[in-house]
Structures are given as C-alpha cells and as structure tokens.
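In the numbering used here, the protein residues as written are 85 to 330.
Heads up, the beta-carbon is just placed ideally off N, CA and C, and yes, glycines get one too.
Working notes for the structure below.
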C-alpha cells in the first residue's frame, strides 16, 4: 500500500495486480510500479521489463487507480505539474551559482587596456594569467606594472553582477512558495524554518486539517478498490486493501 500510495502521489495513478487462487478468487492485490506500466491500445496492460522484455496483463487482472484528467482518460496526471516550472527555475539558478563559483574567474568581466607602453610579451603574460586563474577554487589577484602608464590604462569592465541581478535568494523563496502551493503542503509540515517569531501556528491543528483535506481524499480513492473487488464475482468477503493497510 505504501508503494501504491507513493506511485499515486508521484504519477497520479497506481496499478494493482489481482493475484487469484486456483478457483479464481482474489487472494490479494500486488503493487505494480507505475513507471513501468503502459495501457494497451486494444485493452489490458503491459509492464516494461529490463532488456526490452514485456509482461502483458489482461484488463481484469489489474486495477488501475488514477487521478482524473480533463484531456484524456488513459493515464492519471498528478496535480503538482503546475509547479514544475518553478522547480526548473530553482534548478537553473542553483546550477548557475555553482558554476559561477566553480569557474573561479567567473568569466564575468572584460579586461581592457589601451596603454601603448604595454609590450606584446606583457599582453601574452596577462592573457596566460587570466586563463590560468579559471578553475575550482581559483580566486587570484594580479599585479600589473606599466611604467609611465595613465590612470585608466587598464580597466575591468564587469559583464554582469551576479549578486545584484541574479537575486538567487528571491528565486529560492519564490520557488519554495510555488512548490508547497503545488503540493498543497503547509510550510510547517514541509520542514521550512519560519521567518517570523510567531512561527506557523499550532502544528497539531495544521496536521488535522492537512489530513482531512489531503490524506483522507487519497484514502477514499483507494477504498474504491474494495468496491471494484466486491463487484467482481471472483471476490469473496475479504476487503483486500483494508487487509493490506492493516
């Protein structure tokens, strides 16, 4: 049941295989991983196995529990898909910052010089020093001496200021709010540290409301499996899902 419930939350659907006795009665339901399951065009199901192998199931052998989608009725669709773009934004911002610090030189400036007294040998040396400053942990400073040079003989022109324009902290906060909204998860239950002294409120009340509004509706969806099995003549008096949950 734990595996089937996780599949339902992640994929918006779960697959349960009805294992029967020699007399055709359902003995138990067995979880089938949703990530490997496909619905056949002509009815029934197929499970993708390693090395290109497949295992087929008849339509009455598998109970397909799925969340309703307004555009199709073949596969379930999870509710959190609307928050995926926020997750991708967070990923892009985090990877950018990692590369920014891993690069060392940051590749974020133009080293500009217009002094005629700078020899070609000095230019090559500066070019080599700039190239050598790139890499993990390389935050290096350079000393340049141009006898008779002017005040602005060498200028460093930033291409972009990461701290001011990328605003990683704002991106992180927006992403966090979008993700917990997509999951309909209260911040107190998501392990988020409150930014105010009052916190998020009474955690026990929050837990009761979350259980009533989010957990119990999912439980009712799986309770329908029992109704399907009761309607099947092969099914006896046992409630298979309730038995597995216990």
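Span of the beta strand (DSSP E), counted from its first residue to its last, around residue 103: 97-104
Opposite residue 150 in the DSSP bridges: which residues? 97
Distance check for residue 117 and residue 274, CA to CA, integer angstroms please. 26 Å
Would you identify the three-state DSSP class for residue 276, choosing helix, strand or coil? Residue 276 falls in the coil class under three-state DSSP.
Between the C-alpha atoms of residue 108 and residue 99, what's the straight-line distance to the nearest angstrom? Here the C-alpha atom of residue 108 lies approximately 20 Å from the C-alpha atom of residue 99.
Classify residue 164 as helix, strand or coil using the three-state DSSP reduction. helix
Return the bridge partner residues of residue 197 from the DSSP annotation. 238
Host beta strand (DSSP E) of residue 122 (start-end): 121-123
Out of 256, 144, 103 and 135, state which residue places its alpha-carbon closest to the alpha-carbon of residue 123. 144
When the Cβ atoms of the region 255-273 are set against those of the region 174-188, are three or more pairs found closer than 8 Å? yes
Measure from the alpha carbon of residue 196 to the alpha carbon of each residue in 157, 237, 288 and 214, then state which is nearest. Looking from the CA of residue 196, the closest CA among 157, 237, 288 and 214 belongs to 237.
Compute the distance between the beta-carbons of residue 138 and residue 130, then report whether it is under 8 Å. Against a cut-off of 8 Å, the Cβ pair of residue 130 and residue 138 comes out as a contact.
Report all residues from its chain with a CB closer than 6 Å to the CB of residue 311; omit the five preceding and five following residues, and keep chain order. none
What does the alpha-carbon distance come out to for the pair residue 150 and residue 214? 57 Å
Residue 302 and residue 164: beta carbons closer than 8 Å? Contact: no.
Would you give the residue range spanned by the alpha helix (DSSP H) that residue 306 belongs to? 300-315
Close-in-space but distant-in-sequence residues of the same chain around residue 94 (CB under 7 Å, 5 per side omitted): 162
Give the DSSP-derived three-state secondary structure of residue 116 in the structure shown. strand
Rounded C-alpha distance that separates residue 184 from residue 178: When only Cα atoms are considered, residue 184 and residue 178 end up about 10 Å apart.
Going by DSSP, name the residue or residues bridged to residue 107. Beta-bridge pairing links residue 107 to no other residue.
Judging by CA-CA distance, which residue of 294, 291, 292 and 271 is the nearest neighbour of residue 283? 271
Taking the straight line between their C-alpha atoms, what separation do you get for residue 277 and residue 167? 21 Å
Residue 180 by DSSP, collapsed to three states: which one? helix
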